[in-house]
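Since the structure comes first, as structure tokens, the remarks are kept for the end.
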Amino acid sequence: MCVSIPTKIESVFAGPIPTAKLAGMERPYSLIYHPGAQVGDWVLGQNGFVIEVLDEESAIASLEAFRELGYR
Amino acid sequence: MRLDVDQLVEGVGARIIVSPRGARFDLSDFPRIDASLAGRPVSEVPKLVERICGACPAAHHLAGVAALEMLAGLTVPQDAARARRLLHYGSVAVTNATTLLNTDIEAAMALRRFGLAAQAAAGSPGHFPITAAPGGVAVGVDRVKAQEALGLAKDAQEAAVRLFSESLDDKWQYDPFTGCDFALVDADGFLDPLGSRLRARSQAGQLLAEIERDFWAQAVVETDPGSPSPRPRLAKYGRQGHYRVGPIAQARVGIYRTPRAAELQEQWLKERSSAGAARALAVLHAVEAAVLILKRMPDPVPSNQEIEYPSGIGVGWIDGARGLLVHQYEVAGGKVESAQILTPTAQNEYWLAQMLTNVAACEGLENTLRFEEAIRAADPCLPCAQAAPGEMGLEIYQCA
Chain A
1 MCVSIPTKIE SVFAGPIPTA KLAGMERPYS LIYHPGAQVG DWVLGQNGFV IEVLDEESAI
61 ASLEAFRELG YR
Chain B
1 MRLDVDQLVE GVGARIIVSP RGARFDLSDF PRIDASLAGR PVSEVPKLVE RICGACPAAH
61 HLAGVAALEM LAGLTVPQDA ARARRLLHYG SVAVTNATTL LNTDIEAAMA LRRFGLAAQA
121 AAGSPGHFPI TAAPGGVAVG VDRVKAQEAL GLAKDAQEAA VRLFSESLDD KWQYDPFTGC
181 DFALVDADGF LDPLGSRLRA RSQAGQLLAE IERDFWAQAV VETDPGSPSP RPRLAKYGRQ
241 GHYRVGPIAQ ARVGIYRTPR AAELQEQWLK ERSSAGAARA LAVLHAVEAA VLILKRMPDP
301 VPSNQEIEYP SGIGVGWIDG ARGLLVHQYE VAGGKVESAQ ILTPTAQNEY WLAQMLTNVA
361 ACEGLENTLR FEEAIRAADP CLPCAQAAPG EMGLEIYQCA
């Protein structure tokens, strides 16, 4: 099944539509949905777009769910 | 099961396997989690699954809670049911907005703004929903957000109508689908994403079955049980019982109840139009149906009662943004003995394979844009499905 795993913003690049570098990702991610997202924010990325900014508690809860099911 | 989380953050590219038997889309990198749910307290399963599949958390939230309710024999008060509907309709707008980002950014933004406000009005302001609890709701509604959503509804509805008009003339000639279409309907036979009956209709328009949730396990079987590509089918029709789910199936199975969506659906049927226009219909229906709730907001009373789950089987389903999602839990002593989480992506794999096989036969393997169109029509819940034309990163493997 499809999965959506939280990751962190490592750097933000300004522009008409700002983009971000996400931890472990090569491609840039558009911040058009979340132009105020900052370095260190937990996010969900999909197809080159940051679709959600998560608070740390929520991100950790998601990562814990993955661990519980045996994802390392 | 042992998988590397880092590989899955953005998903892998799209792989098509071509053999003498035909072409198919490779889902092997996205294994089922069903077996990993065994032994867990059943009450925790919906929350766990919605966290894993973060792309459609509202659909998993609602299907999972419905499965618990069937297990415990709980009924849902009308106001709570309406709050859940509002959450669902908002989530349809939000999920489809993500799909549209590469094609119509203004429509995407209008739908997302409306959908987020509708979800917040239903009591779920964050990405992971908290509205439903077994037997009712866990939280109250937000009337301020309801007014905000109503203020955004006109733009969202116009965006959906525009998307429909722009894609009405698209014709897709590589869909030889021979199976049937599945969609949920209400007691009157209208399309209903939270409906009580699952209707199956053949490509010739014949009504093949209407299934209640209690009979899901007997009526639908997996050809390859537990596989990422399980090829489920209507049991009594054998190999002819394969089916597809999602906006095209919905538009062919029943009639939308809201006026504008029903009007445009007539056009869609007359024109034999595309997956994109069918998706726009589903979004338009969601916006219209949400507005009806927002204008007369429910007032559900939150409750978080302790529930003991008896041994037995619970099935919950919902026609989500990509089509039918089913959660089935077989429980003993409050713990899961076996589970089935059947996503639209897994259910549509057979349909997608037929389209890919037809493209390969008609166009050869070089015209990758045609393969991309097939994948876009089936809309698997993977990043590649939303990539711009030519950017899906398709890899085609030939094997003997």
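Chain order of the listed sequences is A and B.
Counting from 1, position 13 in the first sequence corresponds to residue 13 in the working numbering; the numbering is continuous, with no gaps.
Counting from 1, position 144 in the second sequence corresponds to residue 144 in the working numbering; the numbering is continuous, with no gaps.
For every residue, glycine included, the Cβ atom is placed at its ideal position computed from N, Cα and C.
Every value quoted in this text rests on a predicted model; they were computed, and no experiment measured them.
Could you tell me which chain A residues have their CB closer than 9 Å to the CB of residue i, listed as they occur along the chain?
| i | result |
| --- | --- |
| H127 (chain B) | L44, I51, E52, V53, L54, S58 |
| F30 (chain B) | M1, C2, V3 |
| I16 (chain B) | Here the premise fails: no neighbours, minimum Cβ distance about 18 Å. |
Between which two residues does the alpha helix (DSSP H) harbouring residue i extend?
| i | result |
| --- | --- |
| S19 (chain B) | Taken as a continuous stretch (DSSP letters only), S19 (chain B) belongs to no alpha helix (DSSP H), being part of the beta strand (DSSP E) at 15–19. |
| T357 (chain B) | 349–363 |
| A278 (chain B) | 275–295 |
| L87 (chain B) | 78–100 |
| F402 (chain B) | Only positions 1 to 400 of chain B appear in the structure, and residue 402 (chain B) is not among them; the question remains open. |
| V161 (chain B) | 143–167 |
| T368 (chain B) | 368–378 |
| R113 (chain B) | 105–121 |
| A200 (chain B) | Element bounds for A200 (chain B): not the alpha helix (DSSP H) but the beta strand (DSSP E), 197–201. |
Check whether the Cβ atoms of residue i and residue j lie closer than 9 Å to each other.
| i | j | result |
| --- | --- | --- |
| L208 (chain B) | L234 (chain B) | yes |
| C384 (chain B) | I375 (chain B) | yes |
| A120 (chain B) | D155 (chain B) | no |
| L403 (chain B) | A277 (chain B) | No answer is possible for residue 403 (chain B): it lies beyond the span of chain B, which begins at 1 and ends at 400. |
| G22 (chain B) | L281 (chain B) | no |
| I255 (chain B) | Q265 (chain B) | yes |
| G64 (chain B) | P46 (chain B) | yes |
| G151 (chain B) | G140 (chain B) | no |
| P193 (chain B) | I318 (chain B) | yes |
| G90 (chain B) | A339 (chain B) | no |
| V161 (chain B) | R260 (chain B) | yes |
| V92 (chain B) | V331 (chain B) | no |
| A149 (chain B) | A187 (chain B) | no |
| V3 (chain A) | I105 (chain B) | no |
| Y9 (chain A) | D41 (chain A) | Position check: residue 9 (chain A) holds Ile in this sequence, whereas Tyr was assumed. Against a cut-off of 9 Å, the Cβ pair of D41 (chain A) and I9 (chain A) comes out as a contact. |
| L27 (chain B) | P298 (chain B) | no |
| H61 (chain B) | L191 (chain B) | no |
| Q250 (chain B) | D181 (chain B) | yes |
| N348 (chain B) | A378 (chain B) | yes |
| I341 (chain B) | I33 (chain B) | yes |
| P125 (chain B) | K145 (chain B) | yes |
| S62 (chain A) | I5 (chain A) | yes |
Which residues of chain B have a Cβ atom closer than 7 Å to the Cβ of residue i, listed in chain order?
| i | result |
| --- | --- |
| L31 (chain A) | In chain order: nothing, as chain B lies at least about 12 Å away. |
| S4 (chain A) | C53, G54, A55 |
Tell me which residue opens and which closes the beta strand (DSSP E) that residue i is part of.
| i | result |
| --- | --- |
| E26 (chain A) | Note, E26 (chain A): premise wrong, no beta strand (DSSP E); not H, not E. |
| I313 (chain B) | 312–320 |
| H327 (chain B) | 323–332 |
| W42 (chain A) | 42–46 |
| F49 (chain A) | 49–54 |
| V210 (chain B) | The amino acid at residue 210 (chain B) is misidentified as Val; the sequence shows Glu. Looking at the DSSP string, the run of the beta strand (DSSP E) that includes E210 (chain B) is 207–212. |
| A339 (chain B) | 335–342 |
| I396 (chain B) | 395–398 |
| I9 (chain A) | 7–13 |
Give me the chain A residues within the contact set of residue i, using Cβ-Cβ distance strictly less than 7 Å, ordered along the chain.
| i | result |
| --- | --- |
| A59 (chain B) | Correct list: empty, because the minimum Cβ distance to chain A is about 11 Å. |
| L168 (chain B) | Near L168 (chain B) there are no residues of chain A at all, since even the closest Cβ is about 25 Å away, more than 7 Å. |
| I341 (chain B) | M1 |
So with CB distances below 8 Å, who are the chain B contacts of residue i?
| i | result |
| --- | --- |
| A37 (chain A) | Within 8 Å Cβ-Cβ: nothing; A37 (chain A) doesn't reach chain B, min ~13 Å. |
Give the residues of chain B in contact with residue i, contact being defined as C-beta atoms less than 9 Å apart.
| i | result |
| --- | --- |
| A61 (chain A) | K47, R51, F128 |
List the residues of chain A whose Cβ lies closer than 8 Å to the Cβ of residue i, in chain order.
| i | result |
| --- | --- |
| A346 (chain B) | M1 |
| R244 (chain B) | Chain A residues near R244 (chain B): none, gap ~17 Å exceeds 8 Å. |
| I33 (chain B) | M1, L69 |
Give me the chain D residues within the contact set of residue i, using Cβ-Cβ distance strictly less than 8 Å, ordered along the chain.
| i | result |
| --- | --- |
| R112 (chain B) | The structure shown contains no chain D; its protein chains are A and B. |
Please list the residues of the stretch 360–393 of chain B that have a C-beta atom closer than 7 Å to any C-beta atom in chain A, keeping them in chain order. C381, L382, P383, Q386, A387
With a threshold of 8 Å, are at least 3 pairs of Cβ atoms found where one atom belongs to the stretch 14–29 of chain B and the other to the stretch 52–72 of chain A? Counting Cβ pairs under 8 Å, fewer than three are found: no touch.
Give the residues from the stretch 146–167 of chain B that approach chain A closer than 7 Å (Cβ to any Cβ), ordered along the chain. For the stretch 146–167 of chain B, which is checked against every Cβ of chain A, not one residue is closer than 7 Å.
Mind the definition here: the stretch 76–91 of chain B touches the stretch 132–144 of chain B only if three or more C-beta pairs lie below 8 Å; say whether that holds. yes
Any 3 or more C-beta pairs closer than 8 Å across the stretch 160–179 of chain B and the stretch 221–230 of chain B: no
contact_flag[the stretch 386–394 of chain B, the stretch 212–225 of chain B] where n(CB pairs < 8 Å) is 3 or more: no
Cβ contact check for the stretch 33–53 of chain B and the stretch 89–109 of chain B: 3 or more pairs under 8 Å: no
Check whether the stretch 318–329 of chain B and the stretch 243–257 of chain B touch, using three or more Cβ-Cβ pairs below 8 Å as the test. yes
Three or more C-beta pairs below 8 Å linking the stretch 44–52 of chain A and the stretch 345–359 of chain B: Touching, no, given that fewer than three Cβ pairs across the two stretches are closer than 8 Å.
Chain-ordered residues of the stretch 88–102 of chain B with a beta carbon less than 7 Å from chain A: T98, L101
Taking only beta carbons into account, state which residues of the stretch 310–323 of chain B come closer than 9 Å to chain A, listed in chain order. none
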